[in-house]
Amino acid sequence: MVTLIAAASDNHALGKQNQLLWHLPDDFKRFKEKTSGHFIVMGRKTFDSLPKRLPNRTHIIITRQKDYVVADCLIAHSLSEALAMCPKNEEVYIIGGAEIYKQALENADKIELTRVHHIFDADAFFPEINPSEWELVFEERHDRDDKHLFDYTFQTFKKI
């Protein structure tokens with residue numbers, strides 16, 4: 042099963058200049074809970090934006106650079122190559138960035154989305170979720186608090 046996991050704002054913003062636009066500790070916690078023990082697939086810029094390699098996950102980095110090497114990570118040169126490296130009977134998470142999400146949408150079975158309820162200026166955006174192709178099967182709203190500057194909603198979509 043291929044699952045896209047992301048946090049995107051009401052205007053679909055993901056980030057700007059390869060940086061997140063918000064800090065939501067509960068979203069980080071959910072991301073860790075969902076992806077731990079699984080293969081995670083990402084573009085090179087997304088990998089570069091991480092503070093370090095994420096523990097207890099197999100990283101697959103998609104890059105056009107033919108000589109790109111990172112210790113303890115698998116390297117692919119296309120999304121299809123990356124997905125072919127993953128176990129067929131396990132959940133695989135696509136963690137970004139914008140272009141990888143766009144490419145992976147047609148291969149995805151599920152979307153785990155944190156919708157951040159704010160409009161941001163951004164240069165990277167999550168693709169539109171077509172309601173004729175995706176069904177919202179779970180939704181849990183959270184109000185802003187002292188650790189979360191924005192209201193947000195955890196959503197799970199399944200392909201129809």
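For the sequence shown, our numbering gives the first residue as 42, with consecutive numbering after it.
Glycine included, every Cβ here is placed at the ideal spot set by N, Cα and C.
| Asked | Found |
| --- | --- |
| Span of the alpha helix (DSSP H), counted from its first residue to its last, around E140 | A139 to A145 |
| Q196 to I135 span [Cα, whole Å] | 16 Å |
| Unbroken alpha helix (DSSP H) run spanning A123, endpoints | L120 to A125 |
| Segment contact flag, the region 93-111 with the region 47-54, C-beta cutoff 8 Å, min 3 pairs | no |
| Distance between beta carbons of Y142 and L45, contact taken as under 8 Å | 6 Å |
| I152 vs E176 beta-carbon contact at 8 Å | no |
| Cα-Cα separation, D67 to Q60 | 18 Å |
| Pairwise C-alpha distance: S90 and P128 | 26 Å |
| S50, enclosing beta strand (DSSP E) - first and last residue | V43 to S50 |
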